[in-house]
Structure formats: C-alpha cells, structure tokens
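Engineer: In this note's numbering, the protein residues as written are 210 to 543.
Virtual Cβ for every residue (Gly too), placed ideally from N, Cα, C.
Here's a structure for you.
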Amino acid sequence: MSRWRSAAWAGMGAAAMALGLYGAGAIRHSDAVQTASAEDADAPTDKNAAPAKNEPVTDPAALARLGVKTAAVTTTVASQMTDGFARGLDVGPLAAIVAEADAARAAAAASQAEASRLEALYRQDVSASRRSVEAARAQALADAARTRLAEQRVGLEFGSGLSRLGPGAIRQLVSEIAAGHAALVRIDIPGAMLAPGTVVEIGEPGSALTVRVLGAAATADARLQSAGVLAIVRGPLARQAQAGRILPARAATGVASSGMLVPREAIVRFQGRMWVFRQNGKAFERIALDDPQSTPQGWIVRGGLKAGDVIAVSGATGLLALDAGGAVAEAEGD
Numbered sequence: 210m211s212r213w214r215s216a217a218w219a220g221m222g223a224a225a226m227a228l229g230l231y232g233a234g235a236i237r238h239s240d241a242v243q244t245a246s247a248e249d250a251d252a253p254t255d256k257n258a259a260p261a262k263n264e265p266v267t268d269p270a271a272l273a274r275l276g277v278k279t280a281a282v283t284t285t286v287a288s289q290m291t292d293g294f295a296r297g298l299d300v301g302p303l304a305a306i307v308a309e310a311d312a313a314r315a316a317a318a319a320s321q322a323e324a325s326r327l328e329a330l331y332r333q334d335v336s337a338s339r340r341s342v343e344a345a346r347a348q349a350l351a352d353a354a355r356t357r358l359a360e361q362r363v364g365l366e367f368g369s370g371l372s373r374l375g376p377g378a379i380r381q382l383v384s385e386i387a388a389g390h391a392a393l394v395r396i397d398i399p400g401a402m403l404a405p406g407t408v409v410e411i412g413e414p415g416s417a418l419t420v421r422v423l424g425a426a427a428t429a430d431a432r433l434q435s436a437g438v439l440a441i442v443r444g445p446l447a448r449q450a451q452a453g454r455i456l457p458a459r460a461a462t463g464v465a466s467s468g469m470l471v472p473r474e475a476i477v478r479f480q481g482r483m484w485v486f487r488q489n490g491k492a493f494e495r496i497a498l499d500d501p502q503s504t505p506q507g508w509i510v511r512g513g514l515k516a517g518d519v520i521a522v523s524g525a526t527g528l529l530a531l532d533a534g535g536a537v538a539e540a541e542g543d
C-alpha cells in the first residue's frame, strides 16, 4: 500500500512541474505577441499616401545599362513631302517582249545575210535570179520591221522611260528581276508631276530606299486615273517589291520648309503620338513631336525643340519604360 501511495505522489509532482513549465512558456509567448502588436501600433501609417512615381533615371551607371546615347539636334531645310504608293509590276510580258525582239533580231540578221548573198550571186550571174533577190530583200525588210515593232512594244506597253534604256539594258534588267536582285515598280503620287530623274523614297521610314524616276508609265491607273511613273528598285527592298506588292512612296513636291532634324532612332511611339527624350540637366524629359514631317534623313519638327537641344538617340525605349511606369505595350522604335 505504501508503494502505491509513493508512486501516486511522484506522478502528481511530475504533473505539477509540467504545468508550471507550460505556463511560463505561454506567458512569455503572450508578452512577445503583445510587444509586437504594440510596435506595429506605434508605427506611422498613411492610408492616403500616393504610390511611388517613376522618375527618369539620372544615374550614369543606369543610363549606361540602358544604352542611352545623346546628340544635339540641328536645323535643316527640306521640301514638302507628298505621299503616294509604289506597286511592283509583273515583268512576264516584258520578258516575252525581250525574247520576241531577240528572235526577230536574229531572223532579221539571217534574212539580211541571205539577201546580200543572193544579190552577190545575181551580180556575178551565178544561179541567182532577180526574183529570188527581190524576195530575199523583202524578207529582210519584213524581219527588220518585226524587230522594230518588238523593241517599240516596251515603250508602248510599259513606258518611254523604260524603252530609253536600250535592248541590252532591258535584257539585263529582266535577268536581275528573275534572280530577285531588282524589281520594276510603278509609282503613283496624286497631284504630283514627277519628271525623269526625280528622286522618290520607297518603303517604310527607317528602311526606305531612294530611286530615280525613269519616265512616265504607258497607262493611267484604272482607279485613281493618275499618271504614274516607272522606277527600278535594287537591293534588299527588291524582294519586297514583287508583282502586286504595294509599298509607301514619298516625293518632294512642295515648298521647302525648315525645322529641327530628329534622327529616326531617337523617336518612340506611345499612345498614338511620337516622342523624344530631351536632356534637362541630369534627367531626361519626354517631349511630344507636333506635326513631324518624314524626310530621307529623318523627321523634321517645327515645335517643341530648338537648335542645340540634346536628345537621346539610343536607349529611348528604356527611358520610356521608366517614365511611363512600364505601360509601354504599344511603344516601339520608329
């Protein structure tokens, strides 16, 4: 009986000790929670505080990471550009004309040689009648007429500017077009009279090429009823100017205007407008371009910038991302 009593007292002692340890731990945990709550309560709060605003980067290291480079804008004078379009022409008929002209030229040469041979025999009174000589002469004249007609078809069906290149140059052009190294285009710019030799810019800004007008096209445009001109496109743009393809075209046809020349690589598009970043001290501010005019050298603007202003000519897209808070889904380089 005494053993059981001793064991009971021992168990009660262990339970009391465990309860004491648990209570001390709970008290310490409660004190810690209360202390943390008090610290949070003492911390200042401002429910009306505005979110952080993205400021243009001024740190030289950050600007270097964005690849920002600057240049000063200059004044320039350029003629008013008028927009139109250039359409690649099907040169299959031109190739057929070239082949027909070559065949007619060969036939004419052979018949002329036969006529000369028979005439020589007739003069020597050797097995050649007068009638055969006259027939040979008539055949030579007919073949020469077919040659002239084949050569004139280039001007009649395409335009006098192309025919002035000559048979050899036209044959070489057809070969270049077949290899994809050149293209023959028709340019229509409403209200503009483009003389032979006029410079026309074809293609999208930034990747456009300049071509020279050969001369007037043989026919007017069926829809616009405009007098088009012909030109030859060579280089990388030739593959984009295949038959039926339409590309933008611009030509200087108006009064010259002056303004600030802005490089194409300095321009970004955002919210339907064109912008540049002008350096103001150590920061860059976004400036909208009003009524920009495209030229082969860049864009001419008449407001917002002045001569000597320093703008970012590279890294402008990165500056736009910082300035607009990352909402640049529609932003793109010019």
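Three-state secondary structure (DSSP) at GLY527?
Structural biologist: Helix, per DSSP.
Engineer: Using DSSP bridges, identify the partner residues of PRO457.
Structural biologist: Beta-bridge pairing links PRO457 to PHE294.
Engineer: Counting pairs of beta carbons, one from the region 399-409 and one from the region 447-464, are three or more of them closer than 8 angstroms?
Structural biologist: Short answer: they touch.
Engineer: Secondary structure at THR407, three-state DSSP: helix, strand or coil?
Structural biologist: Note: THR407 maps to coil in three-state DSSP.
Engineer: In its own chain, which residues sit with a C-beta less than 8 angstroms from the C-beta of ASP292, not counting the 5 before and 5 after it?
Structural biologist: Result list for ASP292: ILE398, PRO457, ALA458, ARG459, in chain order.
Engineer: Leaving aside the five residues before and after ALA304 along the sequence, list all residues of the same chain whose C-beta is less than 6 angstroms from its C-beta, in chain order.
Structural biologist: Taken in chain order, the residues that qualify are VAL383.
Engineer: Can you list, in chain order, the residues of its chain with a C-beta nearer than 6 angstroms to that of ASP518? Leave out the 5 residues immediately preceding and following it.
Structural biologist: Answer for ASP518: VAL282, ARG487, listed in chain order.
Engineer: For ILE306, which residues of its own chain have a beta-carbon under 8 angstroms away from its beta-carbon, when the five flanking residues on both sides are left out?
Structural biologist: Counting only Cβ-Cβ distances below 8 angstroms, and skipping sequence neighbours, we find ALA359, ARG362, VAL363, GLU366.
Engineer: Using the Cα positions of ALA417 and ILE441, report the straight-line distance between them to the nearest angstrom.
Structural biologist: Roughly 14 angstroms between the two C-alpha positions.
Engineer: Just reading off the beta strand (DSSP E) that ASP397 is part of, what are its end residues?
Structural biologist: From DSSP, the beta strand (DSSP E) with ASP397 extends over 391-397.
Engineer: Is it true that the CB of GLY437 sits closer than 9 angstroms to the CB of LEU429?
Structural biologist: In the sequence on display, residue 429 carries Ala and not Leu. Result yes, Cβ atoms of ALA429 and GLY437 sit closer than 9 angstroms.
Engineer: Tell me which same chain residues have a C-beta within less than 8 angstroms of the C-beta of VAL394, skipping the five on either side of it?
Structural biologist: Closer than 8 angstroms at Cβ, skipping near neighbours: ALA295, ARG296, GLY297, LEU298, ILE411, VAL420, LEU439, ALA440, ILE441, VAL442, ALA450, LEU456.
Engineer: Using a Cβ-Cβ cutoff of less than 7 angstroms, which residues in the same chain neighbour ILE386 once the five nearest sequence positions on both sides are dropped?
Structural biologist: If we look at ILE386 and ignore the five residues flanking it on each side, its Cβ neighbours are VAL300, ALA392, LEU393.
Engineer: Taking all protein chains shown into account, do 16 or more other C-beta atoms lie within 10 angstroms of the C-beta of PRO302, making it buried, or fewer, making it exposed?
Structural biologist: Exposed is the call here.
Engineer: Output the boundary residues of the beta strand (DSSP E) element that contains ARG495.
Structural biologist: Note, ARG495: beta strand (DSSP E), 492-497.
Engineer: Label VAL522 either buried or exposed according to how many other C-beta atoms from any shown protein chain fall within 10 Å of its C-beta, with 16 as the threshold for buried.
Structural biologist: VAL522 comes out buried.
Engineer: Tell me, please, whether the CB atom of LEU382 is closer than 9 angstroms to any CB atom in chain B?
Structural biologist: No chain B is part of this structure, which consists of one protein chain only.
Engineer: Report yes if the C-beta distance between PHE493 and VAL286 is below 9 angstroms; otherwise report no.
Structural biologist: No.
Engineer: Got a sec? Which residues, its chain only, sit under 7 angstroms from SER435 by beta carbon, not counting five neighbours each side?
Structural biologist: Excluding residues within five positions, the ones whose Cβ falls inside 7 angstroms are ASP397, PRO399, ALA429.
Engineer: DSSP on GLY193, reduced to helix/strand/coil?
Structural biologist: Absent from the structure is residue 193, since the part of the chain shown begins at 210 and ends at 543.
Engineer: How many Å lie between ALA388 and LYS515 at the Cα?
Structural biologist: Straight-line Cα distance between these residues: approximately 48 angstroms.
Engineer: Within 10 angstroms of its Cβ, does GLY368 collect 16 or more other Cβ (buried), or is it exposed?
Structural biologist: That one is buried.
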